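Have a look at the structure below before the remarks.
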Amino acid sequence: MKPFTTILLLTLGAATSTTANPASRCAAKNGAIQDAIDLFCTNTHIMVPSQWAHDGLQFGNAHVSIRGHCSPAQWVPQQYCVSQFQHLCAGTYGGFGFAHYGEGGCQEFRIVEA
0 MKPFTTILLL
10 TLGAATSTTA
20 NPASRCAAKN
30 GAIQDAIDLF
40 CTNTHIMVPS
50 QWAHDGLQFG
60 NAHVSIRGHC
70 SPAQWVPQQY
80 CVSQFQHLCA
90 GTYGGFGFAH
100 YGEGGCQEFR
110 IVEA
């Protein structure tokens, strides 16, 4: 194999593995965000709106919460809680930001600096 081809394949492999794993990208940006996500999403009965989702959870310099106006209230399954927060974190500068999910976008996932 030629050196250029080897370098190209290694570069493409690294880029693919990085983009394919939002959890790793999030943790690399700010480990406190990943820890906050993991702790917050251990609750298997998150409803939006609810006091728990609205108040959220702080870990280190990161605060995660889900605000919303869903009517009727919508359940956020644990796997979606984790994956949507990780996707949000991985796709934003520094891991902080907002994104809408749920039926009609009524759930606002928030990661803010505490």
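Counting from 0, one number per residue, gives the positions in the sequence shown under numbering that gives the first Met the number 0. We put the beta carbon where it would ideally sit given N, CA and C, even for glycine. Every value quoted in this text rests on a predicted model; they were computed, and no experiment measured them.
**Q.** Close-in-space but distant-in-sequence residues of the same chain around Arg24 (CB under 6 Å, 5 per side omitted)
**A.** Ala89
Q) Any idea which residues DSSP pairs Trp74 with across the strands? A) Met46
Q) What separation, rounded to the nearest whole angstrom, lies between the Cα atoms of Val75 and Asp37? A) 14 Å
**Q.** Distance between Thr43 and Leu87 (C-alpha atoms, nearest Å)
**A.** 20 Å
**Q.** Continuous beta strand (DSSP E) stretch holding Phe97: start and end
**A.** 96-100
Q: Using three-state DSSP, classify Gly30 as helix, strand or coil.
A: helix
Q. Taking the continuous beta strand (DSSP E) assigned at Gly67, which residues delimit it?
A. 61-67
Q. With a CB to CB cut of under 6 Å and the five nearest residues on each side skipped, what residues in its chain are close to Ala22?
A. Gln85
Q | Distance, His62 Cα to Gly93 Cα | A | 13 Å
Q: Kindly indicate if chain C contains any beta-carbon less than 8 Å away from that of Asn20.
A: Of the chains in the structure shown, none is chain C; there is only one protein chain.
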